[in-house]
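Trainee: Protein chains in written order, with the working numbering: chain A, 1215 to 1536; chain B, 1215 to 1536. We put the beta carbon where it would ideally sit given N, CA and C, even for glycine. Model, not experiment: these values are computed from the prediction.
Protein chains: 2
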Amino acid sequence: MTVSDTLGAVGELAVLARIFPLLPSAAHELLGPGDDAAVVAAPDGRYVVTTDMMIHGPDFRLAWSTAHDLGWKAAASNLSDVAAMGAVPTALVVALAAPADSPVSLLEGIAEGLRDACAALAPGCGVVGGDLSVSSTLTIAVTAFGDLEGRPAVLRSGAREGDIIAVSGVLGAAAAALRILFEEAVDSDGQPDADRAALLRDRTVAQLAPTPPITDGRLAALGGATAMLDLSDGLAIDSARLAKASQIALNFDSRALGAHPQLALGGGEDHSLLATFPPGMPLPGNFRRIGSVIVGSGIFLDGSPVSKAGWDPYRDWNGGRG
Amino acid sequence: MTVSDTLGAVGELAVLARIFPLLPSAAHELLGPGDDAAVVAAPDGRYVVTTDMMIHGPDFRLAWSTAHDLGWKAAASNLSDVAAMGAVPTALVVALAAPADSPVSLLEGIAEGLRDACAALAPGCGVVGGDLSVSSTLTIAVTAFGDLEGRPAVLRSGAREGDIIAVSGVLGAAAAALRILFEEAVDSDGQPDADRAALLRDRTVAQLAPTPPITDGRLAALGGATAMLDLSDGLAIDSARLAKASQIALNFDSRALGAHPQLALGGGEDHSLLATFPPGMPLPGNFRRIGSVIVGSGIFLDGSPVSKAGWDPYRDWNGGRG
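(1) Could you tell me which whole alpha helix (DSSP H) segments of length 4 or greater appear in the segment 1221 to 1301 of chain B?
(2) Say whether chain B places a C-beta atom closer than 9 Å to the C-beta of L1245(A).
(3) Quick check on V1340(A): does DSSP put it in helix, strand or coil?
(4) Put S1453(A) into one of helix, strand or coil per three-state DSSP.
(5) Just the C-alpha distance for R1529(B) and S1316(A), rounded to the nearest angstrom, thanks.
(6) Can you have a look at R1432(B) and say buried or exposed, based on whether 16 or more other CB atoms are within 10 angstroms of its CB?
(7) Does the beta-carbon of W1531(A) have 16 or more other beta-carbons within 10 angstroms, so that it is buried, or is it exposed?
(8) Distance, Cα to Cα, P1475(A) vs T1425(B)?
(9) Going by DSSP in three states, L1487(B) sits in which element: helix, strand or coil?
(10) In terms of residue numbering, what span does the beta strand (DSSP E) encompassing D1516(B) cover?
(11) Residues in its own chain within less than 8 Å of V1400(B) by CB, not counting five upstream and five downstream?
(12) Could you name the residues that DSSP lists as bridge partners for R1381(B)?
(13) Strictly below 8 Å CB to CB, what residues from chain B border M1299(A)?
(14) What number of angstroms, rounded off, separates the C-alpha of G1524(A) from the C-alpha of S1446(A)?
(15) Could you tell me which chain B residues have their CB closer than 9 Å to the CB of V1307(A), listed as they occur along the chain?
(16) Near P1527(A), which residues of its chain fall below 7 Å by C-beta distance, leaving aside the five closest residues on each side in sequence?
(17) At the level of alpha carbons, what is the spacing between T1429(A) and G1360(A)?
(18) Going along chain A in order, which residues have a C-beta closer than 8 Å to the C-beta of D1295(B)?
(19) Any C-beta of chain A within less than 8 Å: which residues of the segment 1336 to 1352 of chain B qualify?
(20) Look up D1467(A) in the DSSP assignment and say whether it is helix, strand or coil.
(21) Can you have a look at Q1461(B) and say buried or exposed, based on whether 16 or more other CB atoms are within 10 angstroms of its CB?
(22) Comparing alpha-carbon positions, which option in G1437(A), I1394(A), S1521(A) and A1434(A) lies nearest R1417(A)?
(23) May I ask you to verify whether the segment 1222 to 1232 of chain A touches the segment 1230 to 1245 of chain B, counting CB pairs closer than 8 Å and requiring at least 3?
(24) When DSSP builds the beta bridges, which residues end up paired with D1345(B)?
(25) Would you tell me roughly how many angstroms separate the C-alpha atoms of M1215(A) and V1318(A), rounded to the nearest one?
(26) In chain B, which residues lie less than 7 Å from D1444(A) when you measure between Cβ atoms?
(27) Taking the C-alpha atoms as reference points, what is the distance between A1309(A) and F1514(A)?
(28) Does DSSP put V1509(A) in a helix, a strand or coil?
(29) Could you work out which residue in G1340(B), S1453(B) and D1295(B) is closest to R1329(B) when comparing CA atoms only?
(30) When you check each C-beta in the segment 1257 to 1291 of chain B against every C-beta of chain A, which residues fall closer than 9 Å?
(31) Could you give the distance in angstroms between the alpha-carbon of G1494(B) and the alpha-carbon of I1378(B)?
(32) Mind checking whether V1356(A) and M1267(A) have CB atoms under 9 Å apart?
(33) L1497(A) to G1437(A), Cα distance in whole Å?
(34) Show which residues of chain A have a CB atom less than 8 Å away from the CB atom of L1369(B).
(35) Starting from G1482(A), trace the beta strand (DSSP E) in both directions and tell me its first and last residue.
(36) Please list the partners that A1231(B) has in chain A, where partner means a Cβ-to-Cβ separation under 7 Å.
Given below as structure tokens:
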């Protein structure tokens, strides 16, 4: 990078001209970037919408995540919220704020990550608009849209006694990867180290560039899911939300939670899909059974109560840590 | 404020519980906050979408803007982009990131500003979802939606030779107010000063809490507007965009631009609506004639070419200035 290739030197319009060709187009786009707003098709007369921000510091470190990772994860985490409603992701808008001395290649990498995540996880979904700003804190705010294809949305509140609890995607993998980064991808002073992180890529990709099972959201809806949500704060916290909304209890089978049930319960950021299905039906897609819905409240592991544990951004992030 | 009333001490869920009751509800909301995503009605099978971020530093100073101002302006600037398509604003989603030591009252004030701006400028529009994050830089990212009510969107590209150029809303008022803030709302060291800013409120409100003519967007579409856009970067820059998209030239009448035509041409952030209309038709709403569309390219004032001037966030913000 030379100084002449920073956002400040190149300027907003020229940066946009370099980024636009990298962004994926959306099949539902009726009018794309270039006017005051985009126009997107909503064939069934409704659209699903969710928004989620990624912030330098609490959400990522530039020594660990590549620019491509940031775009990929920003797309993946939002696509997962759309999928958790049983919808098909159709479009994204992206507001990005970066320091003026950032290289243009940072934004190009983020755009390529958005493109590749859409292509891999939600073909047909693309970026229909956005906003570029300057900020001392690199910030990526994605808003994602989806099409319910005429079906009711799958809410958190529909689970019933006797339903099967099933999950599609990994459990605890993102948290395990984050632990590896904090323990091994640091220098002798405990600071994030890019060279060490690169060597650990295979063991940390679940955290840095997760691959949530987006297409299984639609399959769950078609397969009769009674309730569903995205696992972003960990199975224990998120499943307790589903249990509370449905006014039931959830009992997990520890043998179905892998070699480390506590990691599976506590780990956040997997962006897997948790859903409940009526008993006796085949589970769609890659869903696998991990427990059953019972009368009561709260969550249980092999019949014993599980205490909640998870991530609160305001309580849990220590800005001084890096 | 006590330390116990900060975002970090109160925690995300409790903060959300305090903010939700303050947010305006949306008439088009089918499913609101509380699940993985919201569901919004799109009666004509399409929706308009735009996104815009406000960042502490380049976009506002906390010594000058109240929390209510921040919510108001974040809503107003996004509503204006929806209106500029000829659409009726229906819903917002809001992603907000703030330092953990921020008082909860900051977020409450922002929520009240969002609520009051929607009520005043776009009745029926409300907040259907959002995201709270921690960041060292206070950041508000709004995504806004609109309904075209079956009409084509009014693009930048439809102006034709002979059309009337008209504007609804102020010209240069936001820039004049910003100049007053930089010159008079500072202490002896040139730093933003809250007490001085409070005394200047009447002369600075156009910058701090603008009131763009949102309902005139729909009226322009109904009234036959051939092209329209939101004046966010200044009349000179934005009108040049319309001229380029329409492959025509614009000639402004200096007598119609007020006492300070150069301020009207150069000033940004007014969020007024610029539109072109076929000649001989009554101008709708509060639109007033400021010039006419001519053959050629670029923009002119009383027949003389106007050079562009405006705001590029990457070039023009000096982070060290405060």
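Mentor: Per the coordinate set shown:
(1) The qualifying runs are 1221 to 1224, 1226 to 1233 and 1281 to 1297.
(2) Between L1245(A) and chain B, the shortest Cβ-Cβ separation is below 9 Å.
(3) It is Gly, not Val, that sits at residue 1340(A) in the sequence shown. Reduced to three states, the DSSP call for G1340(A) is strand.
(4) Note: S1453(A) maps to helix in three-state DSSP.
(5) Confidence at R1529(B) is low in this model, with a pLDDT of 49, below 50, so its placement is unreliable and no value can be given for it.
(6) Result: buried.
(7) Residue placement at W1531(A) cannot be trusted, given a pLDDT of 45 that sits under 50; what the coordinates show is reported in the next sentence. W1531(A) should be labelled buried.
(8) Using only the alpha carbons, I get a separation of about 55 Å.
(9) Three-state result, L1487(B): strand.
(10) Careful: D1516(B) lies outside any beta strand (DSSP E) and carries neither H nor E.
(11) The residues are P1406, D1407 and R1410.
(12) Checking the displayed sequence, the identity of residue 1381(B) turns out to be Val instead of Arg. In the DSSP output, where bridge partners are listed per residue, V1381(B) has L1488(B) and R1502(B).
(13) Neighbours of M1299(A) on chain B, chain order: D1249, D1250, A1251 and V1253.
(14) Unreliable positioning characterises G1524(A) in this predicted model, as indicated by a pLDDT of 45, which lies under 50. The coordinate reading is nonetheless provided below. Looking at the two C-alpha atoms, the distance is approximately 10 Å.
(15) Think of a sphere of 9 Å around the beta carbon of V1307(A): the chain B residues whose beta carbon falls inside it are V1263, T1264, T1265 and T1357, in chain order.
(16) Because P1527(A) carries a pLDDT of 46, less than 50, the predicted location of this residue cannot be relied on, and the following value inherits that uncertainty. Within the same chain, and ignoring the five residues on either side of P1527(A) in sequence, the residues whose Cβ sits closer than 7 Å to its Cβ are P1272.
(17) Computed Cα separation, rounded: 12 Å.
(18) What D1295(B) touches in chain A, judged by beta-carbon distance under 8 Å, is D1250 and A1251, going in chain order.
(19) Going along the segment 1336 to 1352 of chain B in chain order, one finds V1342, G1343, G1344, D1345, L1346, S1347, V1348, S1349, S1350 and T1351 with a Cβ nearer than 8 Å to chain A.
(20) Coil at D1467(A), not helix or strand.
(21) Burial call: exposed.
(22) Taking only the C-alpha atoms, the option nearest R1417(A) is I1394(A).
(23) By the Cβ rule, the segment 1222 to 1232 of chain A does not count as touching the segment 1230 to 1245 of chain B, because fewer than three pairs are nearer than 8 Å.
(24) DSSP output for D1345(B) lists A1309(B) as bridge partner(s).
(25) In this prediction, M1215(A) has a pLDDT of 49, which is less than 50 and means its spatial position is unreliable; nothing more can be read from the coordinates.
(26) At a C-beta separation below 7 Å, D1444(A) has these neighbours in chain B: D1250.
(27) Rounded to the nearest angstrom, the two C-alpha atoms are 40 Å apart.
(28) Three-state result, V1509(A): coil.
(29) Among G1340(B), S1453(B) and D1295(B), the Cα nearest to that of R1329(B) belongs to G1340(B).
(30) Residues P1257, D1258, G1259, R1260, Y1261, V1262, V1263, T1264, T1265, D1266, M1267, M1268, I1269, H1270, G1271, P1272 and D1273.
(31) About 9 Å.
(32) Judged by beta-carbon spacing, M1267(A) lies within the 9 Å limit of V1356(A), meaning their Cβ atoms are closer than that value.
(33) Between the alpha carbons of L1497(A) and G1437(A) lies a gap of roughly 7 Å.
(34) Neighbours of L1369(B) on chain A, chain order: L1245 and D1249.
(35) Boundaries cannot be given for G1482(A), as no beta strand (DSSP E) includes it and DSSP labels it neither H nor E.
(36) Correct list: empty, because the minimum Cβ distance to chain A is about 13 Å.
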